[in-house]
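Here the sequence shown is numbered in my numbering, starting from 47 and rising by one per residue. Note that CB positions come from ideal geometry on N, CA and C, so glycine has one too. Step one of this worksheet: look at the structure below.
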Amino acid sequence: MQLKSTLKNMLCIVLITMHGFSLAVGSDQKVTILAGISKDTLYDISEADAKIAFTLVLNDILKESGEFVALDVFQNKSAVQKSLLKGDIDAVFTNTLQYLELEEFLHPDGTYVIQHGPQLKPKFYLIAKRNAGTDRLADLRGRKIAIPKGYAVGNMYLDVLLMRHNYPASNDFFSVIRETSESNTALIDLFFSKVDAALVTDFSYEVACELNPQMRKQLNIIQVSEPLIHQVVAVRVDFSQAKLDKIEPFFLNTQRSPSLIQSMSLFRISAIRKLDTSSLNEVRSLNLEFQELSRRKIRTTHQ
47 MQLKSTLKNM LCIVLITMHG FSLAVGSDQK VTILAGISKD TLYDISEADA
97 KIAFTLVLND ILKESGEFVA LDVFQNKSAV QKSLLKGDID AVFTNTLQYL
147 ELEEFLHPDG TYVIQHGPQL KPKFYLIAKR NAGTDRLADL RGRKIAIPKG
197 YAVGNMYLDV LLMRHNYPAS NDFFSVIRET SESNTALIDL FFSKVDAALV
247 TDFSYEVACE LNPQMRKQLN IIQVSEPLIH QVVAVRVDFS QAKLDKIEPF
297 FLNTQRSPSL IQSMSLFRIS AIRKLDTSSL NEVRSLNLEF QELSRRKIRT
347 THQ
C-alpha cells in the first residue's frame, strides 16, 4: 500500500508540473479561495495526497476563472467549524453529516457533491467471506470488521442497521473495528481473513473486484444501504455571490478537457454536481432514525 501511495504522489507531481502548478506554499499564485477539511473527514486519501489532490484538481477546474484555491487540513471537524465561523476559510470539504450540522452557516446555493464512481449516491456494502459461517448479520456479533477512515455516513448506517435489529451499536457489537487508510485495504484484509467483515462503498467494491476478480468469488455482500451522498463541498453563507456565479460554470463542466478528466480520475472523482434540496433526504432520514434509535436504546437501558 505504501508503494501505491508513493506512485500516486509521483504521478501527482508529474501532472502538476505539466499543468504549471506549484506545490510550494509560497507560490506566485495568490490564493483567492481558502478551503478547509478535517483529518477525520478525509475519504480514501492521506493528508499529503489530499493537499496535492485539491491543488491539482480544483485549480485545474478553475484555471480559466482567475481564482486560485488552497487547502488547510485541520485536526478535527470542530477546528474546521471554528475557522468557518470566524471567517478564516471560505469553503469546507466535509461529509454530509457535518454539513447538516453546519448548514445554517453555508451558502444555500453553493453546495456541490463530490461524485466517486458512476452514481451520485453510492451505497454502502457490508461484506463477509463466503463459506465462513458469517452469512447473516447475527453471525458477525463479536467478530472483527474493517472500516476505512472518513466513513462517517457509512458508520452511521452500520449503527442504524444494527439497532434496527435490536443489536447494540457497532462499538459494542464487534470485538474489533479496524480503521484502514483506504477502502481497498479493508477489502484486502477481509480477503486474507485478517477480519471477518468489511464496510465499503459499492464503487470501491467494484474497483477492487476489477483489480482482483477472485474477490467477487470469495466475498459475500450481506447487507446494502440505501443510496447515500457522503461527501460535499460548500462555500460560506456570506461568500460573494458574484464570485460564486463566476466559478460555478467551471465546477459543473468538469469534462471539458482531457487533462482535467485525467487529473480527476487519478483521485477517482468522476464529477462534481450541484446539490439540490432533495439530494440529502436519505441522509437526513438516516440521521433522524439514528437519533431516535439511540434515544430508544438509552430508555430501554434505564428501565
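Which value, in whole angstroms, describes the spacing of the CA atoms of residue i and residue j?
i: S111; j: E150; result: 28 Å
i: F67; j: V206; result: Confidence at F67 is low in this model, with a pLDDT of 43, below 50, so its placement is unreliable and the value that follows should be read with caution. Roughly 44 Å between the two C-alpha positions.
i: S286; j: I135; result: 13 Å
i: E338; j: F114; result: 43 Å
i: E335; j: L326; result: 14 Å
i: A280; j: R187; result: 38 Å
i: I315; j: Q308; result: 10 Å
i: H276; j: A178; result: 31 Å
i: A198; j: L257; result: 26 Å
i: L7; j: T180; result: The first residue shown for the chain is 47 and the last is 349, placing residue 7 beyond what the model contains.
i: F139; j: L208; result: 29 Å
i: K343; j: A174; result: 27 Å
i: T347; j: D218; result: 14 Å
i: V329; j: Q260; result: 33 Å
i: Q144; j: N122; result: 11 Å
i: R341; j: N333; result: 12 Å
i: G82; j: F120; result: 7 Å
i: P304; j: A184; result: 48 Å
i: G361; j: R182; result: With the chain running from 47 to 349 in the structure shown, residue 361 is simply not present.
i: V283; j: T87; result: 21 Å
i: L80; j: T101; result: 11 Å
i: L233; j: Y251; result: 8 Å
i: R345; j: K76; result: 55 Å
i: S331; j: V278; result: 18 Å
I think residue i touches residue j, with their Cβ atoms under 8 Å apart; what is that distance to the nearest whole Å?
i: Q96; j: L117; result: The identity of residue 96 in the sequence shown is Ala, whereas the question assumes Gln. About 7 Å separates the two Cβ atoms, so the contact holds.
i: L104; j: L130; result: With 8 Å as the limit, L104 and L130 do not qualify as a contact, their Cβ atoms being about 18 Å apart.
i: S84; j: A125; result: 7 Å
i: Y89; j: G196; result: 4 Å
i: Y203; j: F170; result: 5 Å
i: I293; j: L108; result: 6 Å
i: Q264; j: F237; result: 6 Å
i: T323; j: M310; result: About 26 Å; that fails the 8 Å criterion.
i: Q269; j: L172; result: 4 Å
On a CA-only basis, which of the options is nearest residue i? Give me that one, please.
i: T142; options: K128, D155, L130 and I160; result: I160
i: P273; options: L166, Q301 and L148; result: L166
i: T247; options: S271, R262 and N333; result: S271
i: A288; options: D155, Q144, T101 and D106; result: D155
i: A317; options: F297, L108 and V283; result: F297
i: N230; options: R341, K343, R319 and C255; result: C255
i: A99; options: P295, R282, F313 and L321; result: F313
i: H153; options: T78, R345, K320 and I344; result: K320
i: I91; options: S331, P295, Y251 and E228; result: E228
i: Y158; options: Q269, D185, P295 and D106; result: P295
i: T78; options: L290, S331 and R302; result: L290
i: G200; options: P168, R176 and R182; result: P168
i: R262; options: R345, A232, T101 and R176; result: R176
Taking only beta-carbon positions, decide if residue i is within less than 7 Å of chain C.
i: D134; result: Any reference to chain C falls outside this structure, which holds one protein chain only.
Does any heavy atom of the ligand GTP sit closer than 6 Å to the C-beta of residue i?
i: S221; result: Here there are no bound small molecules, and the ligand GTP is not part of this structure.
Inset, instruction - Mind the definition here: the segment 235-247 touches the segment 206-215 only if three or more C-beta pairs lie below 8 Å; say whether that holds. - result: no
Inset, instruction - Decide if the segment 186-204 is in contact with the segment 217-225; the criterion is three or more beta carbon pairs, one per stretch, under 8 Å apart. - result: yes
Legend entry - Complete runs of the beta strand (DSSP E) confined to the segment 121-208 [at least 3 residues]: Those beta strand (DSSP E) runs which fall completely within the segment 121-208 and span 3+ residues are 137-140, 152-161, 170-175 and 190-194.
Inset, instruction - Report the residue ranges of all beta strand (DSSP E) runs contained in full by the segment 236-282; include only those spanning at least 3 residues, in chain order. - result: 243-247, 265-270 and 278-282
Legend entry - Whole beta strand (DSSP E) elements within the segment 302-338, 3-residue minimum: 317-320
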